[in-house]
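What follows is one structure encoded as structure tokens, with my remarks underneath.
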Amino acid sequence: MMRAAKAACPPETKLLAVTILTSLDEQAINEVGYKENIRMRVTQMAKLTQEAGLDGVVCSSHEIEVLREACGDDFILMVPGIRPAGSDKGDQKRTMTPREAINKGATHLVIGRPITQADNPAEAAKNILDPEDDYLTHVLNDVPLNMIQLHGHETPERVATTAHYGGAKIYFKRDELNHTGAHKINHCLGQILVARRMGKKRIIAETGAGQHGVATATVCALFDMPCTVFMGAEDIKRQRPNVFRMKLLGAEVVPVTSGSGTLKDAMNEALRHWVSHVDDTYYLIGTVAGPHPYPEMVRDFQSVIGTETREQMMEKEGRLPDSLVACIGGGSNAMGLFHPFLDDTNVQMFGVEAGGLGVNTDKHAASLNGGSAGILHGMRSYFLQNEDGQITEAHSISAGLDYPGIGPEHAYLNDIERVQYVSVTDNEALEAFKMLSKLEGIIPALEPSHAFAHVMKIAPNLPKDHIIVMNLCGRGDKDIFTVAEKLGMEI
80 MMRAAKAACP
90 PETKLLAVTI
100 LTSLDEQAIN
110 EVGYKENIRM
120 RVTQMAKLTQ
130 EAGLDGVVCS
140 SHEIEVLREA
150 CGDDFILMVP
160 GIRPAGSDKG
170 DQKRTMTPRE
180 AINKGATHLV
190 IGRPITQADN
200 PAEAAKNILD
210 PEDDYLTHVL
220 NDVPLNMIQL
230 HGHETPERVA
240 TTAHYGGAKI
250 YFKRDELNHT
260 GAHKINHCLG
270 QILVARRMGK
280 KRIIAETGAG
290 QHGVATATVC
300 ALFDMPCTVF
310 MGAEDIKRQR
320 PNVFRMKLLG
330 AEVVPVTSGS
340 GTLKDAMNEA
350 LRHWVSHVDD
360 TYYLIGTVAG
370 PHPYPEMVRD
380 FQSVIGTETR
390 EQMMEKEGRL
400 PDSLVACIGG
410 GSNAMGLFHP
420 FLDDTNVQMF
430 GVEAGGLGVN
440 TDKHAASLNG
450 GSAGILHGMR
460 SYFLQNEDGQ
470 ITEAHSISAG
480 LDYPGIGPEH
490 AYLNDIERVQ
500 YVSVTDNEAL
510 EAFKMLSKLE
520 GIIPALEPSH
530 AFAHVMKIAP
540 NLPKDHIIVM
550 NLCGRGDKDI
560 FTVAEKLGME
570 I
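In my numbering, the protein residues as written are 80 to 570.
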């Protein structure tokens, strides 16, 4: 009968079988003729259900652990008889609190009377989890302390290159010192906790420069979750060190050969894969782009950059900086730096786009300076596109900035003129890469090299009491092959 019922169901329908009602106890089932104990009987019923091809069972909270062990991680366990701590059990014999059931492995909870019979059902539903059992208490405890320490925050700031340029005082926000070598670890740690909270079993991601891919592979290794990273074939060639790191960390790296084989195409493939695997897969997006709530969520995880910058500048200078500078691809590091300062109208902000061979050519990735409003990847923003609205190929020496769009909040900040968005060419970024390496002994990634190129332009003409903070959001070891080729050096 169960096999026939399953065969009659549409593929997307989940079919469950009921085991033993939670209102029954051991004595009650013995009285109707069952001699096995409840757990043994429920386990037999669940195994029979699984063999018939059904997706799961309805069981009491007391059988969760034994059924999870017997039937595996993918078997649905829907649990009624859930009672918040301190509430009346009513006629239920085998009950458990919501948090206890979740921790033991329940996939779905059935909560009726504690909500429907409450004086304020809406408030009861909102507070169904014990306030002391909140997300931070239970989920963040999964993050080992040494991982938080390795993560690198607070990242230091330092006065840099000021004497050479003779104008404004220049600080670097040293996010390249983070674990994995960039700011990407900020939102990867945050999102994988969201994924675990949602009960997802595997992680996928897209990557351009490979920094987001490495950070994603790192947190997946930490939590022992399968990881698949989609990466453009062209980016795989120019970011070989990061490809090796991802594979070493246990990730599967999937080359994307469609289009130009860069970041946009990797995101296309990740989205395409995700929509067909939403039941068990979390898409860990690497920037403030994509469908809601990703732009807002990634922004909030990255805002640690700006929050720390405020605190550090008040400690070092006794005031806020005059100017903030950050490179812009999708825009995660820039949004993280800018967002905590948006209400401080005396703080000027510069987002630096990849100008490629020049915004007057068709070889650039400057969506705000050379694009128009459109829709892609679930968001409305500015994109590089033709008259028919078809997305055109972006170009940048930097794989992380080689994206034909921009996060929607950046588009808004551009339209209201809160942030000034400028562009820097490939050659200017290369010169900045060399200059920063020589002046400070810091080899930057090509992405923040774009930001430093703009600092090189504006700093000499500003007064000595003008404070610039630039986010040095990534280290440059991943780019050594690209830079060596451009400079005609053999490795």
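Ideal Cβ positions, reconstructed from N, Cα and C, are used throughout, including at glycine.
Source: prediction; values computed, not measured.
Give me the residue from Asp-314, Gly-410 and Gly-246 with the minimum Cα distance to His-262.
Gly-410
Please report how far the alpha carbon of Ser-382 lies from the alpha carbon of Thr-98, in whole angstroms.
48 Å
When burial is assigned at 16 or more other CB atoms within 10 Å of the CB, is Gly-567 buried or exposed?
exposed
Based on the DSSP output, what are the partners of His-187 in its beta bridges?
Met-157
List the endpoints of the continuous alpha helix (DSSP H) containing Leu-509.
505-519
Looking at the unbroken beta strand (DSSP E) that takes in Cys-306, where does it start and where does it end?
306-311
In angstroms with no decimal places, state the Cα-to-Cα distance between Ala-300 and Leu-342.
23 Å
Determine whether the beta carbon atoms of Ser-446 and Gly-408 lie at a separation below 7 Å.
no
In this structure, what does DSSP give as the bridge partners for Cys-406?
Val-431
In its own chain, which residues sit with a C-beta less than 6 Å from the C-beta of Tyr-214, not counting the 5 before and 5 after it?
Because Tyr-214 carries a pLDDT of 43, less than 50, the predicted location of this residue cannot be relied on, and the following value inherits that uncertainty. So the list is empty, once near-sequence residues are dropped.
Val-498 in three-state terms, based on DSSP:
coil
Stretch pair the stretch 180-198 + the stretch 154-161: three plus CB contacts closer than 8 Å:
yes
Where does the unbroken beta strand (DSSP E) through Ala-96 begin, and where does it stop?
95-97
Test item: CB-CB of Ala-288 and Thr-295 under 7 Å:
no
Own chain, CB closer than 7 Å to Glu-45, minus 5 neighbours either side, in chain order:
The structure shown does not extend to residue 45, since the chain is modelled only from 80 to 570, so the question has no answer here.
Enumerate in chain order the residues of its own chain whose CB-to-CB distance from Leu-480 is below 6 Å, with the five nearest sequence positions on each side excluded.
Gly-408, Ala-433, Ala-444 and Glu-526
Is there contact here, the stretch 528-538 with the stretch 498-506, by at least three beta-carbon pairs under 8 Å?
yes
Going by DSSP, what residues sit across from Glu-331 in a beta bridge?
Thr-307
Beta carbon of Gln-499 nearer than 7 Å to that of Phe-429
yes
Out of curiosity, what's the CA-to-CA distance linking Arg-276 and Thr-360?
12 Å
The beta strand (DSSP E) that contains Thr-286, what's its start and end?
281-286
Local conformation of Arg-398 per DSSP, three classes:
coil
Cβ atoms of Ala-125 and Cys-88: under 7 Å apart, would you say?
no
Out of curiosity, what's the CA-to-CA distance linking Arg-281 and Glu-313?
26 Å
Quick check on this structure: which residue in Asp-134, Val-136, Thr-92 and Val-145 has the alpha carbon closest to the alpha carbon of Arg-118?
Val-145
Span separating the alpha-carbon of Ala-538 from that of His-545:
9 Å
Going by the CB atoms, is the gap between Asn-550 and Lys-248 shorter than 7 Å?
no
Note the first and the last residue of the continuous alpha helix (DSSP H) segment covering Gly-244.
Looking at the sequence provided, one finds Tyr at residue 244 rather than Gly. Element bounds for Tyr-244: 241-244.
Using only the alpha-carbon positions, how far apart do Val-308 and Asn-425 sit?
41 Å
Nearest-angstrom Cα distance between His-291 and Gly-365?
6 Å
Mind checking whether Val-137 and Leu-94 have CB atoms under 7 Å apart?
no
beta-carbon Leu-518 near the ligand NAP non-hydrogen atom, thresh 6 Å:
Annotation note on the ligand NAP: not contained in the displayed structure, which lists no ligands.
Could you give the DSSP three-state label for Lys-543: helix, strand or coil?
coil
Verify whether the separation of the beta carbon atoms of Val-354 and Arg-324 is less than 7 Å.
no
C-alpha distance - Ile-194 paired with Pro-200, whole-angstrom precision:
5 Å
Return the Cβ separation of Gly-486 and Pro-374 in integer angstroms, given the expectation that the two are a contact with Cβ distance under 8 Å.
5 Å
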